[in-house]
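The opening position of the sequence shown corresponds to residue 728 in this note's numbering, with each subsequent residue numbered one higher.
From the three backbone atoms N, C-alpha and C, an ideal C-beta is built for every residue, glycine too.
Here the structure is laid out as structure tokens; the discussion comes afterwards.
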Amino acid sequence: MYTRFTQKALNIIYNIPEGKVLTYGRAAALAGKPNGARQISRLLHSMSRKHDLPWHRIINSKGKISLRPSQGYELQKALLESEGVKFSKSDTIDLKVYLWIKPVQMERPY
């Protein structure tokens with residue numbers, strides 16, 4: 728039904744623990760495409776609702792939310808803060824603290 732990359736990416740995104748984040752690029756690399764960050768973005772846009780993905784846990788490589796104000800930025804930030812993720816004064820997330828380093832097990836096969 729889905730490509731191998733899409734299946735892996737969905738599993739990875741689905742399993743990001745509360746209070747942790749992944750970058751678009753890291754999610755793509757873990758799914759097998761180190762240069763597939765844009766594909767992760769498209770996948771989130773088209774499949775988050777259908778698969779109940781924790782889309783808000785994906786951020787850019789600078790530790791920032793990529794969505795613009797009034798286009799989802801505020802919701803993503805609120806969802807992350809509700810999980811205990813702290814933002815700096817410059818609105819960045821400390822990846823040394825919050826980046827999900829090692830996926831332990833993937834629970835939901837697609």
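Identify, in the order they occur along the chain, each residue of the same chain with its Cβ nearer than 7 angstroms to the Cβ of Leu806, setting aside the five sequence neighbours on each side.
Correct list, in chain order: His783.
Express the C-alpha separation of Leu737 and Ala755 in angstroms, rounding to a whole number.
10 angstroms
Taking the alpha-carbon positions, what's the Tyr741 to Arg776 distance?
12 angstroms
Assuming contact is defined by CB atoms lying nearer than 7 angstroms, are Leu822 and Gly799 in contact in what I supplied?
no
May I have the straight-line CA-CA distance separating Asp779 from Lys816, to the nearest angstrom?
31 angstroms
Mark Leu802 as exposed unless 16 or more other C-beta atoms lie within 10 angstroms of its C-beta, in which case mark it buried.
exposed
Cα-Cα, which of Pro796, Pro761 and Gln734 is closest to Leu771?
Gln734
In three-state DSSP terms, what is Ile820?
Note: Ile820 maps to strand in three-state DSSP.
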